[in-house]
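Each remark here refers to the structure printed beneath this line.
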């Protein structure tokens, strides 16, 4: 009796109230984004707001062929490799860090708070610091050195926090069983731990790639004379007042959606196979 | 077999520690080189004279004096604190409701995960683009004004929608609510449902259960989310600049203007002041809950 009331077999008003907030939030989240995707497909007469004037790919052509931005292709040719490097390093370093943090070691407390500090420190302050540091030691700032490090200071805390959550549900008995069966440490890692953690590692990779690809404040003073995509977008917001900036938004968000889709699809596929193989054994 | 092979003379605890050290070494190095040293450099530049990219070790408080004695600094901080407070309230209310809906009211776990991802996807796309996507909605000719005029609710377009505190807070809420949802979602997911039955059996009404069971158990999530939102707003660079129409500056965008005019020591002193204020705010919030226990052990 009491239970049926509590587990909300009949939907009470809180369900509808919170459901309404949820739906409103999702509309709030996606509505504006959808607006600029629509506006980016306007005809040549199009302006910055509705109503749409015609439908064409004019503003994409303007963006890519006419060079409405300074150097979009150049920025992409830096942003994408950078995001891939940051992604790979974030996965490796977070995995190693997550393994280590399962037990307390001297300095683990300090290191943990350093991770949190790296996460909440204002990005631009770090950007200034890294830029000044490179100048003081006589190095040139560059996307594959200073900006790479600056972005890792942003992606690693996320990677590590996700790893903590994953290891919270990971039982050490798998490793013990593997060891009892005669596997050495590398074999245990590669054949047991990594396959079990793979979905979580893909999630970390997703964060690594997208957070790097969209990083702005930490990259601004550290990327040297050559821009990354978010900095191109930023400079466009300062001086471009045509829908080609929306076209850039559609383009770069499209790329993000591809990455998100591939990652989430891979995770879903792995989970499904696992469920399948468990069911198949019975 | 392999498990029992150990280097002679190394106790199991020592070898386990060495392994831990080896595993965290890359992480520690990155944080040392790209967080600790840069912040130390900022502090150094803020108290030394600085000429032609070289720190001249002549100690001075001039930079701090000029930052702290300026009326601009005070008004910047007051503006940012006001914006942070408004954003915090909105993100907390929305984030708590969304998390509660997903955890307590969606029955299928799979659907809950799907809806949770729906909230997360925009976080993985460009923040600058998400911010400017408000321009066609909030403008004088924007969607909201057009709709309100067409419906006859207003005769004149509402001016306060764009390039105002309103549009700045809307953008912050749009960008940062996810930082509130995730930790609260996490905390709520860990609540043992039998506690609700216990509360009910003990005669608690629904609001009492929420107030005395759910709220205390989600305190850690609220604290973490609040730290993220407050620090993100205080460290914001571009939202205030763009969404206020270029008239207002944030603490950080003022630093950017300093850097553009090569006033490095002034920017460094301003950065140091911001770091000290943020550290104090976070430390005050952290007194409420042991974050490490919440995050590392996972329960």
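Residue numbers (our numbering), protein chains in the order written: chain D, -1 to 280; chain U, 83 to 381.
Here a beta-carbon is modelled for each residue, glycine too, at the ideal position from N, C-alpha and C.
- Cβ-Cβ distances below 7 Å link residue 222 (chain D) to 138, 139, 140 and 141 in the same chain, with the five nearest sequence neighbours on each side left out; the list follows chain order.
- By the neighbour-count criterion, in which a residue is buried when 16 or more other Cβ atoms sit within 10 angstroms of its Cβ, residue 179 (chain D) is exposed.
- The Cβ of residue 197 (chain D) sits no closer than 7 Å to any Cβ of chain U.
- In the DSSP secondary-structure assignment, residue 131 (chain U) is bridged to U:138.
- At a cut-off of 7 Å between beta carbons, residue 193 (chain U) makes no contact with chain D.
- Two segments are said to touch when three or more pairs of C-beta atoms, one from each, lie closer than 8 Å; by this definition the segment 181 to 190 of chain U does not touch the segment 184 to 203 of chain D.
- Taking a Cβ-Cβ threshold of 9 Å, none of the residues of chain U is close to residue 75 (chain D); the smallest such distance is about 18 Å.
- Between the alpha carbons of residue 241 (chain D) and residue 343 (chain U) lies a gap of roughly 31 Å.
- In this structure, residue 76 (chain D) lies near residue 226 (chain D), with their beta-carbon atoms less than 7 Å apart.
- Annotation: Cβ neighbours of residue 228 (chain U) in chain D (cutoff 9 Å, chain order): 47, 48 and 49.
- Measuring C-alpha to C-alpha distances from residue 240 (chain U) to each of U:223, U:328 and U:182 identifies U:223 as the nearest.
- The contact set of residue 131 (chain D) on chain U, defined by CB atoms closer than 8 Å, consists of 119, 120 and 123 in chain order.
- Taking 7 Å as the cut-off, the Cβ atoms of residue 145 (chain U) and residue 347 (chain U) count as close.
- Residue 153 (chain U) has a beta carbon lying at 7 Å or more from every beta carbon in chain D.
- For residue 273 (chain U), same chain residues with a beta-carbon under 6 Å away, outside a window of 5 residues either side, are 299 in chain order.
- Chain D has no Cβ within less than 7 Å of the Cβ of residue 348 (chain U).
- Of all alpha-carbon atoms in D:58, D:56, D:41 and D:57, the one lying nearest the alpha-carbon of residue 50 (chain D) is that of D:41.
- Collapsing the DSSP output to three states places residue 40 (chain D) in a strand.
- Taking 7 Å as the threshold, the shortest C-beta distance from residue 290 (chain U) to chain D does not fall below it.
- Contacts with chain U at 7 Å (Cβ-Cβ) do not include residue 141 (chain D).
- Using a C-beta cut-off of 8 Å, the segment 104 to 111 of chain U makes contact with the segment 93 to 107 of chain D, since at least three inter-stretch Cβ pairs fall below that distance.
- In this structure, residue 353 (chain U) lies away from residue 113 (chain D), with their beta-carbon atoms at least 7 Å apart.
- Residue environment for residue 165 (chain U): buried (at least 16 other C-beta atoms within 10 angstroms of its C-beta).
- Not flagged as an interface residue toward chain D: residue 294 (chain U), since no C-beta distance is shorter than 7 Å.
- The continuous alpha helix (DSSP H) containing residue 341 (chain U) extends over residues 333 to 342.
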